[in-house]
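Position 57, counted from 1, in the sequence shown is what numbering that gives the first Met the number 0 calls 56; the numbers after and before it change by one each time, with no gaps.
Beta carbons are placed, not taken as given, at the ideal position from N, Cα and C, and that holds for glycine.
These notes are about the structure you will find just below.
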Amino acid sequence: MWRLKGCPKCKGDMLVEQDSYGQYEWCLQCGYRLDIKSLLELSRRTENRRQMKATLR
Ligand SMILES: [Zn+2]
């Protein structure tokens, strides 16, 4: 499953995959990996998006 322009780092296209740890997304453009757990935190703090970007590095 694809999530287009979903990457918080480079706005690249994210590929949603699942492994034994759960669901995660990773960016084809920069290799950034986003666990769904982090994703939920991310949407909870949408207003602090710029701050999150720094935190997730
Ligand atoms: Zn990216």
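Item to check | Outcome for Cys9 when other beta-carbon atoms lying within 10 angstroms are tallied against a minimum of 16 | outcome: exposed
Checklist entry - By Cβ distance, which residues of its chain are closer than 6 Å to Gln28, with the 5 residues on each side in sequence left out? => result Cys9 and Gly11
Checklist entry - Quick one: is the Cβ of Lys8 within less than 7 Å of any heavy atom of ligand 1? => result yes
Checklist entry - The beta strand (DSSP E) with Cys6 in it runs from where to where? => result Cys6 -> no beta strand (DSSP E), and no H or E assigned at all.
Next on the checklist: Tell me the rounded alpha-carbon separation between Leu3 and Met13.
Outcome noted: 6 Å
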